[in-house]
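Trainee: With the numbering used here applied, the sequence shown corresponds to residues 1 to 85, in that order. Virtual Cβ for every residue (Gly too), placed ideally from N, Cα, C. Got a structure for you, questions after.
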Amino acid sequence: MSITIDLPSEVETELRKKAAADGKDFQHFVVETLKIKAFKPSLDEILAPFRQEVEESEISDDELDALVEEAREEIYQEKLAKERD
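The structure is reproduced here in structure tokens:
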């Protein structure tokens, strides 16, 4: 399929710079960029299963906050331990 689009000159310039920096021709870079945007799931789509689980668990906001804080602390402690080794 072939389409024609009019890009503002500043957008074209920036895309051409990025294509050159990646070592790709302009058309390939634009198609690749559009594919990434078109098929990349939104944050809402990524988080939907987690939100559903939280809703079904009937956990309170305070309990969820505590779980998140506990997980963050575990990750932080693991990182500190790795840095010491």
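Sort Asp-44, Val-54, Lys-79 by Cα distance to Leu-67 and report the nearest one.
Mentor: Considering only alpha carbons, the answer is Val-54.
Trainee: On the DSSP letters alone, give me the boundaries of the alpha helix (DSSP H) that Ile-75 sits inside.
Mentor: That run of the alpha helix (DSSP H) goes 61-84.
Trainee: Can you check whether the CB of Ala-38 is closer than 7 Å to the CB of Phe-29?
Mentor: Result no, Cβ atoms of Phe-29 and Ala-38 do not sit closer than 7 Å.
Trainee: Between which two residues does the alpha helix (DSSP H) carrying Glu-12 extend?
Mentor: It spans 9-21 - the alpha helix (DSSP H) in which Glu-12 sits, taken as one unbroken run.
Trainee: Considering Pro-41, what are the terminal residues of the alpha helix (DSSP H) in which it resides?
Mentor: Careful: Pro-41 lies outside any alpha helix (DSSP H) and carries neither H nor E.
Trainee: Work out the CA separation of Ser-57 and Ala-21 for me, nearest whole Å.
Mentor: So the alpha carbons of these two residues sit roughly 48 Å apart.
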